[in-house]
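To start, the structure itself, in structure tokens.
Numbering (my numbering), first residue to last: 120 to 394.
Here it is in structure tokens:
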């Protein structure tokens, strides 16, 4: 019998696989993407105590205010006729207060992360090299960046106003009437009602960023207008996926959440075509 015994071949294969994995990991670590991940991990570790402090600050500030916010949301004047808000467990109200306070703490942390990425991330050598490879030009700090941030906040506010004054009252009235016509009692859980409001507000605030994201992608050179137009079906499908996840499971809610995203995307694409 020629060659080493079968058990030696098994050992050799294990060594080869292990060496191959090590080589792949080392190659990725030396690549721009690996360097970016390593730097991001180090930045998170160094800033962890600040994240925890900001989250705690937001939680401490938000918890006392959450009671007033919940009372304001459940005011009779804001509910459809015949609807009552009920608490299904002794701790439901407390858990909702904790959720509201946690959301505020997470908002503080996210604001710090965005500031870190804006101030330090774009100046990282690996990030610059990766952007050059992809031929992407980010806006430099200055009037354009301020304009982009202002536009983002404005679009977020418009989306929230659309949800609060248009989308939410319409859907609440529609869903209440539908249930009452089926001779069902319209008593809603406090947590489910608050979650319904928050989901629609977040979906609209995020969805209304569509024209800004489209414009930035086109102006930075990350994607051409022809490529964007060719991906129209995928973008439309993505808008309906967002609507499905962030809205109640009925066709009207899905349509009212997804259509503004699609219309704003198409408007941004049309405006870019006029240049």
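Positions of the beta carbon are idealized from the N, C-alpha and C atoms, including for glycine.
*Go to residue 304, then tell me how far its alpha helix (DSSP H) extends in each direction, as first and last residue.*
Counting along the chain, residue 304 sits inside no alpha helix (DSSP H), nor does DSSP assign it H or E at all.
_Suppose the cutoff is 6 Å on Cβ atoms and the five residues either side in sequence are ignored; what does the same chain contact list for residue 291 look like?_
Once the five neighbours on either side are set aside, the close Cβ partners of residue 291 are 199.
*Classify residue 353 as helix, strand or coil using the three-state DSSP reduction.*
Of the three classes helix, strand and coil, the one that applies to residue 353 here is helix, per DSSP.
*Comparing alpha-carbon positions, which option in 196, 368, 331 and 210 lies nearest residue 391?*
That would be 331, whose Cα lies nearest to the Cα of residue 391.
*Might you give, ordered along the chain, the residues of its own chain that have their beta carbon closer than 6 Å to the beta carbon of residue 378, omitting 5 neighbours on each side?*
Nothing meets the Cβ criterion.
*asked:* Just to confirm the assignment, what range does the beta strand (DSSP E) spanning residue 203 have?
replied: That run of the beta strand (DSSP E) goes 203 to 205.
*Closest by CA to residue 109, which one among 320, 385, 382 and 314?*
For residue 109 there is no data in the structure shown, the boundaries of the chain being 120 and 394.
*Consult DSSP for residue 219 and reduce its assignment to one of helix, strand or coil.*
Helix at residue 219.
*asked:* Along the chain, where does the alpha helix (DSSP H) containing residue 380 start, and where does it finish?
replied: Residues 370 to 392.
*Report yes if the CB atom of residue 323 is closer than 8 Å to the CB atom of residue 286, and no otherwise.*
Result yes, Cβ atoms of residue 323 and residue 286 sit closer than 8 Å.
*So, is residue 209 buried or exposed, given that buried needs 16 or more other C-beta atoms within 10 angstroms?*
Residue 209 comes out exposed.
*Is the beta carbon of residue 161 sitting closer than 8 Å to the one on residue 220?*
Taking 8 Å as the cut-off, the beta carbon of residue 161 is found no closer than this to the beta carbon of residue 220.
*asked:* Can you check which of these residues, 312, 355 and 386, is closest to residue 206 by C-alpha distance?
replied: Comparing alpha-carbon positions, the option among 312, 355 and 386 lying closest to residue 206 turns out to be 312.
*Give the secondary structure of residue 148 by DSSP, where H, G and I count as helix, E and B as strand, and everything else as coil.*
Its pLDDT being 48, under 50, residue 148 is placed unreliably by the model, and nothing is read from it.
_Taking the straight line between their C-alpha atoms, what separation do you get for residue 362 and residue 289?_
Whole-angstrom Cα-Cα distance: 16 Å.
*Inspect the CB distances between the stretch 222 to 229 and the stretch 172 to 187 and report whether three or more fall short of 8 Å.*
The answer is yes - the stretch 172 to 187 touches the stretch 222 to 229, with three or more Cβ pairs under 8 Å.
_Reduced DSSP category for residue 296 - H, G, I as helix; E, B as strand; rest coil_ = The answer is helix: DSSP assigns residue 296 an H, G or I state.
_What does the alpha-carbon distance come out to for the pair residue 388 and residue 381?_
C-alpha of residue 388 to C-alpha of residue 381: approximately 11 Å in a straight line.
*Considering only the beta carbon of each residue, do residue 335 and residue 267 sit closer than 8 Å?*
Yes, the Cβ-Cβ distance between residue 335 and residue 267 is below 8 Å.
*Start and end residues, alpha helix (DSSP H) containing residue 338*: For residue 338, the uninterrupted alpha helix (DSSP H) segment begins and ends at 329 to 339.
_Let's test the definition: count the other Cβ atoms within 10 Å of the Cβ of residue 201 and tell me whether it reaches 16, buried, or not, exposed._
Looking at its Cβ environment, which holds fewer than 16 other Cβ atoms inside 10 Å, residue 201 is exposed.
*Compute the distance between the beta-carbons of residue 173 and residue 228, then report whether it is under 8 Å.*
Yes.
*Assign residue 310 to one of three DSSP states: helix, strand, or coil.*
Of the three classes helix, strand and coil, the one that applies to residue 310 here is helix, per DSSP.
*Let me know if residue 343 comes out buried or exposed under the rule of 16 or more other beta-carbons within 10 Å of its beta-carbon.*
Classification of residue 343: exposed, given that the 10 Å Cβ count is below 16.
*Among residues of its own chain, excluding the 5 on either side of residue 305, which ones have a beta-carbon nearer than 8 Å to its beta-carbon?*
So the qualifying residues of the chain are 199, 201, 202, 203, 295, 298 and 299.
*When the distance is taken between beta carbons, is residue 327 closer than 8 Å to residue 278?*
It is a contact, given that the beta carbons lie within the stated cut-off.
_Let me make sure I understand the geometry here. Which of 314, 195 and 271 has the alpha-carbon closest to that of residue 366?_
Checked all of 314, 195 and 271; the closest Cα to residue 366 is 314.
*How close, in whole Å, do the beta carbons of residue 329 and residue 384 come, if the pair is a contact with beta carbons under 8 Å?*
For a cut-off of 8 Å, the C-beta gap from residue 329 to residue 384 is around 5 Å, short enough to register as a contact.
*asked:* Can you look up residue 120 in the DSSP assignment and give me helix, strand or coil?
replied: Reliability fails at residue 120, whose pLDDT of 48 lies under 50, so the model's placement of it is uncertain and no value is given.
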